[in-house]
Amino acid sequence: MAVAVDSFHLLYREISRSCSSHFEALALIGALYAASRAVVLLRDCCTVVRVHFLPRMMPSGRLTQRYGDWAVIYGAAEPVAGAYAEELARSGISIIFITQDGSSVRDAASFLSQTYRVETAVVTADFSLGQAAAKPVAEALRGKDVGFLVNCMDETSASPRSLIEIPERGVLDRVNRNVGAATLMARLVLPGMVERSRGAVVNISSGACCRPRHGRVTLSAFTGYLDHFSRALHFEYSDKGIFIQSLIPFQVNHRYGSAEGWFAPSPEVYARHAVSTLGVSTRTTGYWPHTLQYGLMKCIPEWIWILGSRVLFSTS
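All residue numbers for the sequence shown refer to my numbering, where the first residue is 463 and numbers rise by one.
Right, here's the structure in full:
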C-alpha cells in the first residue's frame, strides 16, 4: 500500500512538472481576457460620461447657430415628440408640427408660441395615403431655415398584437406612417440642409430593436428600420455638415398620474436629456439609465432572451 501511495505522489509531481507551462499559459490568457474586459468597461463608462453628463455640464452653444431656426416634428402627437419640440422651443427654435390629426397638437403649438415666443405651424398630412401627403409639407418648408427634422415612431405600433391579428390595410397604414413617412420626410428636408451645410435629423424609435418580443413584430421591424436608416444617412451625409442621430429610448412614462422613476422618466425629463446629446452621439438611448438598461440587455445572449421570453409568455 505504501508503494502505491508513493507511486501516486511521484506520478502527480511528474504530471504537474510537465503541465506547469500549460498552466502558466492559461493563467496568462485569463489575465489578458480580464484586462480586456476591464478596458471595455472603462471605455463604456467614459462613453456614458462623455455622452450623457459632460454635454449637460458644459453646453456647446446655441442650437439655432449650430443647426438652424426651424424644426420639423413628424409624429407630433406622440408624447416624446411633443416634449422634444418643447425642449427645442425653449432654445428659441420655431416649430412646424406634422401630424395626421391637426387638432391633437394645436393646443401644444399655441402653448409653445405663447410661452417661448417662437413661431409655430401645424401641417396636417396623412402618410397612409402615400406620396400625396408630401405636398402640404413641402409648402410649409418653403423659404424656411429648417435646421432640425425629428421623426417619431407612431406608438400605436407598440400595442401587443401578433402580425395575423392586424388587418391587411392596417399593416400597410403602419408601414406608410413609420417607414414611408420617415424616409419621405428626410427626402423633403435634406436638400435644404445640404445647401446650407448644416442641420440635424433625429429619428426616435424604441429599444425594441435590440431584442425580439412577443406581439411586437411590427414594432421591432419599424424600430430596426429607423435605426439602420439613421446610420446609413449618417454615413452618406455626415461629411456635408449634417448630424444624423438614432434615438432608441426604452420605457418613457407618459401616462398621467403614473409613478415615474429612473428607468421610466417623464417625456419632459427624457427630452431634456436627449437634446443634450445632439452633436455628441449618433446612436444613443438619449438617457443614461436607459443606456445602462441597453448594456445589460446586450449582455444576454439572444437564445437565452428568447427562451426566457417564451417561458414568461407561456406562464402569463
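Virtual Cβ for every residue (Gly too), placed ideally from N, Cα, C.
Practice task
Compare the Cα-Cα distances from R772 to each of G609, H676 and R568 and report the closest residue.
Solution key: As a working note, residue 772 is residue 310 in the sequence shown. Of G609, H676 and R568, the residue nearest in Cα terms is H676.
Taking Cβ to Cβ, would you say I558 is nearer than 9 Å to A583?
For the purposes of this step, residue 558 is taken as residue 96 along the sequence shown, with counting starting at 1. For the purposes of this step, residue 583 is taken as residue 121 along the sequence shown, with counting starting at 1. Yes, the pair counts as a contact, with Cβ atoms nearer than the cut-off.
**Q.** Assigned exposure category for W724 - 16 Cβ within 10 Å defines buried
**A.** On the sequence shown, residue 724 is found 262 positions in, with the first residue counted as 1. The residue in question, W724, is exposed, as its Cβ has fewer than 16 Cβ neighbours within 10 Å.
Host beta strand (DSSP E) of Y536 (start-end):
Here residue 536 is taken as the residue at index 74 of the sequence shown, counted from 1. Taken as a continuous stretch (DSSP letters only), the beta strand (DSSP E) holding Y536 covers W532 to Y536.
**Asked** Which runs of the beta strand (DSSP E), 3 residues or longer, sit entirely within the stretch 599-663?
**Response** 608-614
Nearest CA to the CA of I762: which residue from C672, N638 and V502?
Within the sequence shown, the letter at position 300 stands for residue 762. It is C672.
First through last residue of the beta strand (DSSP E) which encompasses S556:
On the sequence shown, position 94 is the one that residue 556 refers to. Residues S556 to T561.
**OP:** Return the bridge partner residues of F705 from the DSSP annotation.
**Re:** Sequence index remark: in the sequence shown, residue 705 carries index 243 (1-based). According to DSSP, which records beta bridges pairwise, F705 is partnered with A662.
- prompt: Residues bridged to T685 by DSSP?
  reply: Within the sequence shown, the letter at position 223 stands for residue 685. Answer by DSSP bridge pairing: none, since T685 is not bridged.
* Identify the residues that DSSP records as bridge partners of G723: which are they? -> For the purposes of this step, residue 723 is identified with residue 261 of the sequence shown, where counting begins at 1. BP columns for G723 point to A726.
Exercise for review: Please classify R512: does DSSP put it in a helix, a strand, or coil?
Suggested key: As a first step, residue 512 must be located in the sequence shown, where it is residue number 50. Here R512 sits in helix by DSSP.
**Study point:** Own chain, CB closer than 7 Å to G537, minus 5 neighbours either side, in chain order
**Key:** Translated into positions along the sequence shown, residue 537 becomes position 75. Short of 7 Å from the beta carbon of G537, and not among the five residues preceding or following it, lie these beta carbons of its own chain, in chain order: A543, N613, C614, M615 and D616.
* Across which residues does DSSP place T582 in a beta bridge pair? -> Position 120 of the sequence shown, counting from 1, holds the residue named residue 582. Paired residues: I557.
Quick check on Y529: buried or exposed, where buried means 16 or more other Cβ atoms within 10 Å of its Cβ? The residue given as residue 529 occupies position 67 in the sequence shown. It is buried - the Cβ of Y529 has at least 16 other Cβ atoms within 10 Å.
For L713, which residues in the same chain have their Cβ closer than 6 Å to its Cβ, ignoring the five residues on either side in sequence? Here residue 713 is taken as the residue at index 251 of the sequence shown, counted from 1. Strictly speaking, residue 713 in this sequence is Gln, with Leu absent from that position. The answer, listed in chain order, is A726.
Would you report the Cα separation of H752 and V511, rounded to the nearest angstrom?
The sequence position of residue 752 within the sequence shown is 290, counting from 1. The sequence position of residue 511 within the sequence shown is 49, counting from 1. Their backbone Cα atoms lie some 14 Å apart in a straight line.
Checklist entry - On the premise that L611 lies in contact with V651, defined as a C-beta separation below 8 Å, what is that separation, rounded to the nearest angstrom? => result Within the sequence shown, residue 651 is the residue found at index 189, counting from 1. Within the sequence shown, residue 611 is the residue found at index 149, counting from 1. At roughly 4 Å, the Cβ-Cβ gap stays under 8 Å, so V651 and L611 are in contact.
Check: With a CB to CB cut of under 8 Å and the five nearest residues on each side skipped, what residues in its chain are close to F437?
Finding: Given a span of 463 to 778 for the chain in the structure shown, any question on residue 437 remains unanswerable.
Measure the alpha-carbon distance for E405 versus P674 and round it to whole angstroms.
Only positions 463 to 778 of the chain appear in the structure, and residue 405 is not among them; the question remains open.
- Taking the continuous alpha helix (DSSP H) assigned at L525, which residues delimit it? For the purposes of this step, residue 525 is identified with residue 63 of the sequence shown, where counting begins at 1. First-last of the alpha helix (DSSP H) with L525: L525 to R528.
For this session: Kindly confirm or deny that the stretch 739-749 and the stretch 699-707 touch, where touching means at least three C-beta pairs closer than 8 Å.
Result: yes
Hey, out of T746, L774 and I768, whose CA is closest to D506's CA? On the sequence shown, residue 506 is found 44 positions in, with the first residue counted as 1. Nearest option by C-alpha distance: T746.
Legend entry - Alpha-carbon spacing of V534 relative to L490, whole angstroms: As a working mapping, residue 534 is identified with position 72 in the sequence shown. As a working mapping, residue 490 is identified with position 28 in the sequence shown. Each residue's alpha carbon lies about 56 Å from the other.
Practice prompt. Could you tell me which of L591, G605 and A587 sits nearest to V599, measuring between CA atoms?
Written response: To locate residue 599, count along the sequence shown from 1; it is residue 137. Measuring from the Cα of V599, the nearest candidate turns out to be A587.
Check your understanding: Can you tell me whether DSSP reads V746 as helix, strand or coil?
Key -> Translated into the one-based positions of the sequence shown, residue 746 becomes position 284. Just to set this straight, residue 746 is Thr in the shown sequence, not Val. In this structure, T746 counts as strand in the three-state DSSP scheme.
query: Are the CB atoms of S738 and A545 nearer to each other than 9 Å?
result: Within the sequence shown, numbered from 1, the residue matching residue 738 stands at position 276. Within the sequence shown, numbered from 1, the residue matching residue 545 stands at position 83. No, they are not a contact pair.
From the DSSP output, in three-state form, read off T577 for me. Position 115 of the sequence shown, counting from 1, holds the residue named residue 577. DSSP, reduced to helix, strand and coil, places T577 within a helical segment of the structure shown.
| query | Where G669 and Y756 are concerned, what is the direct C-alpha to C-alpha distance, given to the nearest angstrom? | reply | Here the question's residue 669 lines up with position 207 in the sequence shown. Here the question's residue 756 lines up with position 294 in the sequence shown. Each residue's Cα considered, the two are about 8 Å apart.
With respect to 8 Å, is the separation between the Cβ of P674 and the closest non-hydrogen atom of the ligand MN below this value? Only the bare structure without any ligand can be found here, which leaves the ligand MN out of the picture.
Checklist line | Rounded separation between A500 and H735 - CA only | finding: Start at 1 with the first residue of the sequence shown, and residue 500 comes out as number 38. Start at 1 with the first residue of the sequence shown, and residue 735 comes out as number 273. So the alpha carbons of these two residues sit roughly 27 Å apart.
CB of L603 within 9 Å of CB of G654, strictly
In the sequence shown, counting from the first residue as 1, residue 603 sits at position 141. In the sequence shown, counting from the first residue as 1, residue 654 sits at position 192. In contact: L603 and G654 (Cβ atoms closer than 9 Å).
- Message: Rounding to the nearest angstrom, what Cα-Cα distance links W779 and L525 in this structure?
- Response: Residue coverage of the chain in this structure runs from 463 to 778, which leaves residue 779 outside it and unanswerable.
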